[in-house]
Amino acid sequence: MEHDMEKNPYECDSTLTGAIFMSNRATKKECLKRGVFGLPQSQAKFVSEVKAGMLLFLFEHEERKLYGVFEATSDGAMNIIPNAFRSSGMLFPAQIIFKRIWACKPLCESEFGDCIRENYYTLNKFHFGLSLKQVMRLLGLFSLKKINVGEPQNLISKSSVVKTKSIGKDALLDT
C-alpha cells in the first residue's frame with residue numbers, strides 16, 4: 001500500500017455515506033454533552049458534505065478509540081453553535097448536530113482499522129469520509145458492543161433505506 005503524506009484526512013469523494021469526526025479527550029466530552037461535532041474552518045468543505053441522516057462516528061485520537069453510533073440531525077454548516085468548544089480554547093466552526101442512536105462501548109483501532117483499511121494513507125492516519133460498505137462494517141462491529149440492548153433499532157433492519165450521495169436516491173440494504 002502506497003502512502004501519501006500530504007493527503008487531507010477530511011477529503012471525500014462522491015460516495016460519502018458516513019463520516020468519522022476527530023477529537024481529543026477534552027473536546028470529546030463537549031461533543032457528547034452538546035450533541036455537536038466540529039472541525040476547524042479549513043475543513044468546512046468536508047463538513048458541508050455531511051448531510052442529515054448520515055451515520056457518524058467519533059475518533060478520540062489520544063486513546064485511538066472510535067465511538068458510535070451517531071446520526072447527523074443537521075446538514076454540516078458553519079457556526080451552528082457559535083460558542084461550542086470555546087472553553088477548550090479551540091475554534092471548530094465547521095459543525096454538525098447529531099444524536100446518539102446506539103449506546104456502545106468504543107472500538108480500539110486494532111478492532112476497527114480493518115473496516116476502513118482503504119482509508120489509511122499512512123500507518124496511523126486515515127481519511128474520515130466513509131463509503132456505504134465501510135459504514136456497514138463498522139455497524140457490524142458496534143452491534144457487538146451495544147450497551148442498551150432495549151433501544152429502538154431504527155438503523156439496521158430488513159430493507160433499511162440509506163440515503164447515499166453518490167447515487168442521489170435511496171438504496172436498499174439487506175442486512
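Residue numbers 1 to 175, in full-length UniProt numbering, belong to the letters of the sequence shown in order. Ideal Cβ positions, reconstructed from N, Cα and C, are used throughout, including at glycine. Just so we're clear, the structure is a prediction, and the values are computed from it rather than from any experiment.
Checking 7 Å against the spacing of the C-beta atoms, do residue i and residue j come in under that value?
| i | j | result |
| --- | --- | --- |
| residue 104 | residue 57 | no |
| residue 55 | residue 18 | yes |
| residue 30 | residue 85 | yes |
| residue 75 | residue 99 | no |
| residue 59 | residue 22 | yes |
| residue 81 | residue 36 | yes |
Tell me the rounded alpha-carbon separation between residue i and residue j.
| i | j | result |
| --- | --- | --- |
| residue 123 | residue 110 | 12 Å |
| residue 68 | residue 49 | 19 Å |
| residue 116 | residue 87 | 32 Å |
| residue 83 | residue 92 | 9 Å |
| residue 38 | residue 97 | 9 Å |
| residue 46 | residue 64 | 21 Å |
| residue 25 | residue 114 | 24 Å |
| residue 70 | residue 53 | 9 Å |
| residue 16 | residue 94 | 17 Å |
| residue 40 | residue 139 | 27 Å |
| residue 78 | residue 147 | 33 Å |
| residue 145 | residue 131 | 21 Å |
| residue 137 | residue 106 | 15 Å |
| residue 126 | residue 108 | 15 Å |
| residue 134 | residue 128 | 11 Å |
Secondary structure at residue i, three-state DSSP: helix, strand or coil?
| i | result |
| --- | --- |
| residue 126 | strand |
| residue 50 | coil |
| residue 142 | helix |
What do you get for residue i, buried or exposed, if any count of 16 or more other CB atoms within 10 angstroms of its CB means buried?
| i | result |
| --- | --- |
| residue 119 | buried |
| residue 28 | buried |
Exercise. What are the uninterrupted segments assigned as alpha helix (DSSP H) that are 4 or more residues long and contained completely in the UniProt domain "DCD" (14-144), given in chain order?
Worked result: Assignment of alpha helix (DSSP H) within the UniProt domain "DCD" (14-144), counting only whole runs of 4 or more residues, yields 25-34, 44-48, 109-112 and 132-143 in chain order.
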